[in-house]
Amino acid sequence: MDDTDRDKAGLADHVAVVTVDRQIRQQPNETNVEVFSKVRIEETLKGTLPAEATVDQVVFRAPAGLKATGPHRDPLSAGHRYVIGIDDWGKVQEVLFATPADGDRLARERARWKDALTHRTRHAPGSCNDVIVD
């Protein structure tokens, strides 16, 4: 995935402010862990989401716990607020990005992602990295 906010906003099917209620399960593989979490949707910035959702996030395993797989992909932690981008894969809603938004960071992160959505990169439907040039 491209690493600008505008690219991420363009790729995500949904963008929302969420609070993580709990981690449901972890599914480890060779190098990383797939973590399923129940989140409460506080505000939808793009797309349509129910009041609660189960999301899937791939993170690295590290000796001290779970680690981000890249910039703006913080592992979701119960009791914390994030702005997340979600990609729909049928029954699975995969987290494309997650940025912490606890406390006074909420207003800044909301404004950041609203701006990214306003100026998002337009991608071809169903594609990962194809850019539509107008």
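For the sequence shown, my numbering begins at 8 and goes up steadily by one. Even glycine gets a Cβ: it sits at the ideal position worked out from N, Cα and C.
Check your understanding: Tell me, which residues are paired with residue 53 by DSSP?
Key -> 22
Point to revise | Spatial distance of residue 87 from residue 113 (CA atoms) | key: 11 Å
Check your understanding: Between the C-alpha atoms of residue 95 and residue 20, what's the straight-line distance to the nearest angstrom?
Key -> Spanning the two alpha carbons is a distance of roughly 6 Å.
Practice item. Would you identify the three-state DSSP class for residue 125, choosing helix, strand or coil? Key: helix
Check your understanding: How many angstroms separate the CA atom of residue 59 from the CA atom of residue 111?
Key -> Each residue's alpha carbon lies about 23 Å from the other.
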